[in-house]
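Chemist: Residue numbers (our numbering), protein chains in the order written: chain C, 560 to 819; chain W, 560 to 819; chain G, 560 to 819.
Here you go, one structure.
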Amino acid sequence: MPTISSVLTETSAGVTTITLNRPDNLNAFNVVQRAELHDAIIKANDDLDSAVVIITGSGKGFCAGADLAEKIPSGQTVEERLNKEYKPILIGIAESQKPYIAAVNGVAAGIGAALAMACDLIVMQSNAYFYQAFSAVGLIPDGGLSLHLSQQLGPKKAYEVMVLGQKMYADECLRLGLINRVSDADNLLDSTTALALELRARAPLSLRYTKEVMRKVAGETLANAISIEAGIQLITNQSEDFKEGKKAFLEKRKAVWKGC
Amino acid sequence: MPTISSVLTETSAGVTTITLNRPDNLNAFNVVQRAELHDAIIKANDDLDSAVVIITGSGKGFCAGADLAEKIPSGQTVEERLNKEYKPILIGIAESQKPYIAAVNGVAAGIGAALAMACDLIVMQSNAYFYQAFSAVGLIPDGGLSLHLSQQLGPKKAYEVMVLGQKMYADECLRLGLINRVSDADNLLDSTTALALELRARAPLSLRYTKEVMRKVAGETLANAISIEAGIQLITNQSEDFKEGKKAFLEKRKAVWKGC
Amino acid sequence: MPTISSVLTETSAGVTTITLNRPDNLNAFNVVQRAELHDAIIKANDDLDSAVVIITGSGKGFCAGADLAEKIPSGQTVEERLNKEYKPILIGIAESQKPYIAAVNGVAAGIGAALAMACDLIVMQSNAYFYQAFSAVGLIPDGGLSLHLSQQLGPKKAYEVMVLGQKMYADECLRLGLINRVSDADNLLDSTTALALELRARAPLSLRYTKEVMRKVAGETLANAISIEAGIQLITNQSEDFKEGKKAFLEKRKAVWKGC
């Protein structure tokens, strides 16, 4: 009897698509899916044929959060689970050299919303939504949600959506800057793949180091930020791709990137 | 002859309402009102019958700032006054274990705006406004205003409203995320109390620790934020209320919270 | 044969206007223009007759970024150029005691956008735009752009505009809080000068220290921010201008500021 994997991975035209595949559970995390997703992210990060990574869910949900019904290994605390199982997934995305795009096909609740928000860009289907259910059962937001929401919405709105557990649909998310694009319900993957291919046409070093520099300047003064950027610009400026980029620009042709 | 208190406090159905009560001065602060407000906040924070606190003003103003006509104790500098009299009020709100809602019934100017912004949520009457008068007399924003405004509006708009002293009415405040709700002029307290009761129906530990975690993750990296949240989730996860919350969810009934 | 200066400066009615003057190159920076702009900023910062500074461009562009065609001194790296030539310009603006207003008359690309964003306020002509071309040639945003854009737009939108190189026109910039005002195409300098004169009517110490306090509270806790503001308020509170400001207010006349 074949085992059905809880996470599927496919790479085509430089774009890797990772699909959470427990549709009957709205892709709520259990220990197997956590392990398989982490594995898929490590592989995508290392895959030389992959320039951009999409994360999406099969079926009606993107990820309904943690599966409350799952059996937790005896003795493991929630703190250990967050730090040892979820954190490597989220940091594997946030500190990847490649851009990640979340294609949110349905409910993204709790740690499922944190998964989407760890990505660099988010495309959300028009009828999908973010949802924080924590305060209904006495918990707090986790997986970085309190940081993502405070930063993007400001403290007043962030506290409101976290403690009142309001659903935030795609149009509101776009208006508030939580996501980049709203897609029609029937072409989420097509439009996300089109965005991924747009990214892929850009210089890989720009994709990688723009992501890195944003992380490094966060919380710094302007003076420090300028110097941090300057240090990284030295790397890109000495690359073969920068030479090619300038040459292609002058010759009015498309650049051919090597990623170095 | 009875003394009329400059701050009134009433607790009902788990909601404490603190009312600034110098309506003839638009509730501009003098030394007595500062002391009485601080006292009211300490008591509300300690009151076991109180889960949510509302701060509002009597009459036409919420709080017109510092009363420029007041006699300042000889030898006290403005720096001492801000650090010893205003700061404990503002931090008493911001670091309370309970959520505070400002019900802004009229002008909230200078330190009066800082008082509202120290709260977790803000409901503002449609004809009320924030106003920074500092640059008209050669002063700078205080009570945390420069932080609140920079964070929520970004530096360009924040500098503009602070140095030009523009009034910001309720609709603009809502659009910019400075407040959570706009109420009709005649039902501010009713709608704020309704919001307070919505909060009160949520798990007290969620209200408390969501507030705490937002403060603790501010300025942290995603990796640190995830671990800070995980440490606090350990507390809520081991609470009786989390057990009750899960049970009530499965039994499709309202949870009965103990706050532990 | 007279040399045409690449940067023009004029002071009138307390307002200094600095104009980038290489219109044939859309004011793209070369080494001479960098040096002359730095010099103009130092002089404007020291000029006792100048209370507010405007930076604008002559011709159709504000500043098209770095001039890719320029001869770079042998041995100078891009890191050195950013730190030694651009950074003093940008920090000369950001840490000036005077408010700077960018009057963006056309394309502000790359480091040209960074120049505008280093100013305290921005007025943009309706057909002007910000543009990040870095990812088209394999580079990353510099001059503080990754910080400005992340802070104002949040990480999702910031990454998008930086890696996809989307043009952001005036109306979108206003909606997103990147700028303060949109002007008609034919009256940019008039409306910017009017704004400068509005600032000039305010107390100089308020303009100066509001700018300084915003920089100092950035990233601080509320408790620290309150104390930082209190320390600066002590200075303004003891100024002659504060006495004059209060007196003028009571006498219902315009204050006459001395700046001390």
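Every residue, glycine too, gets a C-beta built ideally from N, C-alpha and C.
Rounded to whole angstroms, how far is the Cβ of T615(W) from the Cβ of T578(W), which I believe are closer than 8 Å?
Modeler: The residue you call residue 615(W) lines up with position 56 of the second sequence. The residue you call residue 578(W) lines up with position 19 of the second sequence. Rounded, the Cβ-Cβ distance is 5 Å, consistent with contact.
Chemist: When DSSP labels each residue in this structure, what does S705(C) get in the three-state scheme?
Modeler: For the purposes of this step, residue 705(C) is taken as residue 146 along the first sequence, with counting starting at 1. Reduced to three states, the DSSP call for S705(C) is helix.
Chemist: Taking the straight line between their C-alpha atoms, what separation do you get for N746(G) and E654(W)?
Modeler: Reading the third sequence from its first residue, position 187 is the one you call residue 746(G). Reading the second sequence from its first residue, position 95 is the one you call residue 654(W). The straight-line gap from Cα to Cα measures roughly 49 Å.
Chemist: Apart from the five residues just before and just after V612(C), which ones in its own chain have a Cβ nearer than 6 Å to its Cβ?
Modeler: Within the first sequence, the letter at position 53 stands for residue 612(C). Excluding positions up to five away in sequence, the list reads T575, A603, K657 and Y659.
Chemist: Would you mind telling me which residues of chain C sit closer than 7 Å to E644(W), beta carbon to beta carbon, in chain order?
Modeler: Position 85 of the second sequence, counting from 1, holds the residue named residue 644(W). Those do not exist, as E644(W) stays about 24 Å from chain C at its closest Cβ, beyond 7 Å.
Chemist: Report the residue ranges of all beta strand (DSSP E) runs contained in full by the region 606–688 of chain W; include only those spanning at least 3 residues, in chain order.
Modeler: Counting whole runs of 3 or more residues, the region 606–688 of chain W contains the beta strand (DSSP E) stretches 611–616, 659–663 and 680–684.
Chemist: How would you list, in chain order, the residues of chain G whose beta-carbon sits under 9 Å from the beta-carbon of V772(W)?
Modeler: Along the second sequence, read from residue 1 onward, the residue named residue 772(W) stands at position 213. Within chain G, no residue comes near V772(W); the closest Cβ sits about 14 Å away, beyond 9 Å.
Chemist: Show which residues of chain G have a CB atom less than 8 Å away from the CB atom of E810(C).
Modeler: The residue given as residue 810(C) occupies position 251 in the first sequence. Residues of chain G passing the Cβ test: none, with the nearest at roughly 13 Å.
Chemist: So is E731(G) in contact with chain W if we call contact Cβ pairs under 8 Å?
Modeler: Residue 731(G) sits at position 172 when you count from the first residue of the third sequence. Output row for E731(G): interface = no.
Chemist: Quick one: does S786(G) have its CB under 8 Å from some CB of chain W?
Modeler: The residue labelled residue 786(G) in the question sits at position 227 within the third sequence. By this cut-off, S786(G) is an interface position.
Chemist: By how many angstroms is the C-alpha of V566(G) removed from the C-alpha of S685(C)?
Modeler: Taking the first residue of the first sequence as position 1, residue 685(C) is located at position 126. Taking the first residue of the third sequence as position 1, residue 566(G) is located at position 7. Taking the straight line joining both Cα atoms gives about 50 Å.
Chemist: Please compile the residues from chain C whose C-beta is within a distance smaller than 7 Å of the C-beta of L758(W).
Modeler: Locating residue 758(W) in the second sequence gives position 199, counting from the first residue. Those within 7 Å of L758(W) in chain C are V722.
Chemist: Distance, Cα to Cα, A672(W) vs E810(W)?
Modeler: Mapped onto the second sequence, residue 672(W) falls at position 113. Mapped onto the second sequence, residue 810(W) falls at position 251. Cα-Cα distance, rounded: 45 Å.
Chemist: Do you know offhand how far E652(C)'s Cα is from N783(G)'s?
Modeler: On the first sequence, residue 652(C) is found 93 positions in, with the first residue counted as 1. On the third sequence, residue 783(G) is found 224 positions in, with the first residue counted as 1. Looking at the sequence itself, residue 652(C) is Ile, so the reference to Glu does not match. Spanning the two alpha carbons is a distance of roughly 33 Å.
Chemist: What is the DSSP secondary structure of S571(G), counted as helix, strand or coil?
Modeler: Residue numbering aside, residue 571(G) sits at position 12 when the third sequence is read from its first letter. DSSP places S571(G) in strand when its eight states are reduced to three.
Chemist: Helix, strand or coil for G787(W), going by three-state DSSP, please let me know.
Modeler: Taking the first residue of the second sequence as 1, we reach residue 787(W) at position 228. Note that residue 787(W) corresponds to Ile in the displayed sequence, not to Gly. I787(W) falls in the helix class under three-state DSSP.
Chemist: Runs of 4 residues minimum, wholly inside the region 730–782 of chain C: which ones carry the alpha helix (DSSP H) assignment?
Modeler: Runs found: 747–759 and 763–776.
Chemist: State the beta-bridge partners of I577(G) as determined by DSSP.
Modeler: One-based indexing of the third sequence puts residue 577(G) at position 18. The partner list for I577(G) (beta bridge, DSSP) reads T568(G) and I614(G).
Chemist: Along the alpha helix (DSSP H) that carries V722(G), what are the first and last residues, could you check?
Modeler: In the third sequence, the residue the question calls residue 722(G) occupies position 163. Counting along the chain, the alpha helix (DSSP H) containing V722(G) begins and ends at P714 to L723.
Chemist: Three Cβ pairs or more, each shorter than 8 Å: is that satisfied between the region 686–699 of chain C and the region 718–735 of chain C?
Modeler: With the cut-off at 8 Å, the region 686–699 of chain C and the region 718–735 of chain C touch.
Chemist: Which residues of chain G have a Cβ atom closer than 9 Å to the Cβ of T615(W), listed in chain order?
Modeler: Position 56 of the second sequence holds residue 615(W). Under the 9 Å cutoff, chain G gives no residues; its nearest Cβ is about 21 Å from T615(W).
Chemist: Taking A572(W) as the reference, give the member of G703(W), G818(W), L735(W) and A755(W) with the closest Cα.
Modeler: Along the second sequence, read from residue 1 onward, the residue named residue 572(W) stands at position 13. Among G703(W), G818(W), L735(W) and A755(W), the Cα nearest to that of A572(W) is on A755(W).
Chemist: Cβ atoms of A695(W) and A668(W): under 8 Å apart, would you say?
Modeler: To locate residue 668(W), count along the second sequence from 1; it is residue 109. To locate residue 695(W), count along the second sequence from 1; it is residue 136. No, the Cβ-Cβ distance between A668(W) and A695(W) is not below 8 Å.
Chemist: Using a Cβ-Cβ distance under 8 Å, would D679(W) count as near chain G?
Modeler: The residue you call residue 679(W) lines up with position 120 of the second sequence. Not one chain G Cβ lies under 8 Å of D679(W).
Chemist: Chain W partners of D701(C), CB-CB under 8 Å?
Modeler: Along the first sequence, one-based indexing puts residue 701(C) at 142. Per Cβ cutoff of 8 Å: I785, E788, A789 and Q792.
Chemist: With DSSP as the reference, please indicate the residues paired to F588(W) in a beta bridge.
Modeler: As a working note, residue 588(W) is residue 29 in the second sequence. F588(W) pairs with A625(W).
Chemist: Counting Cβ pairs, one atom from each stretch, are 3 or more of them under 8 Å apart for the region 731–745 of chain G and the region 706–715 of chain W?
Modeler: Verdict: yes, contact present.
Chemist: Buried or exposed: K813(C), going by 16 or more other Cβ atoms within 10 Å of its Cβ?
Modeler: By one-based count along the first sequence, residue 813(C) stands at place 254. K813(C) is exposed by the Cβ-count criterion.
Chemist: For L747(C), return the contacting residues in chain G, with the cut-off set at a CB-CB distance below 7 Å.
Modeler: Residue mapping note: residue 747(C) aligns to position 188 of the first sequence, counting from 1. Per Cβ cutoff of 7 Å: no residues; L747(C) is ~17 Å from chain G at best.
Chemist: 8 Å is my cut-off, CB to CB: does R593(W) come that close to chain C?
Modeler: The count along the second sequence starts at 1 and reaches residue 593(W) at position 34. Output row for R593(W): interface = no.
Chemist: For a quick check, are the C-beta atoms of A628(W) and F588(W) less than 8 Å apart?
Modeler: Taking the second sequence and counting its residues from 1, one reaches residue 628(W) at position 69. Taking the second sequence and counting its residues from 1, one reaches residue 588(W) at position 29. It is not a contact, given that the beta carbons lie outside the stated cut-off.
Chemist: Could you tell me whether the Cβ of G671(C) comes closer than 8 Å to any Cβ of chain G?
Modeler: By one-based count along the first sequence, residue 671(C) stands at place 112. With 8 Å as the cut-off, G671(C) does not count as an interface residue toward chain G.
Chemist: So, using beta-carbon positions, are V682(C) and S742(C) closer together than 8 Å?
Modeler: Position 123 of the first sequence, counted from the first residue, corresponds to residue 682(C). Position 183 of the first sequence, counted from the first residue, corresponds to residue 742(C). Yes, the pair counts as a contact, with Cβ atoms nearer than the cut-off.
Chemist: Over the uninterrupted alpha helix (DSSP H) stretch that includes D800(G), give me the two end residues.
Modeler: For the purposes of this step, residue 800(G) is taken as residue 241 along the third sequence, with counting starting at 1. From DSSP, the alpha helix (DSSP H) with D800(G) extends over E799 to L809.
Chemist: Going along the region 627–638 of chain C in order, which residues come within less than 9 Å of chain W, judged by CB to CB distance?
Modeler: Cβ contacts with chain W: L627, T636, V637 and E638.
Chemist: Once the 5 residues before and after D730(W) are set aside, which same chain residues still bring their CB inside 8 Å of it?
Modeler: Within the second sequence, numbered from 1, the residue matching residue 730(W) stands at position 171. S685 and V741, listed in sequence order.
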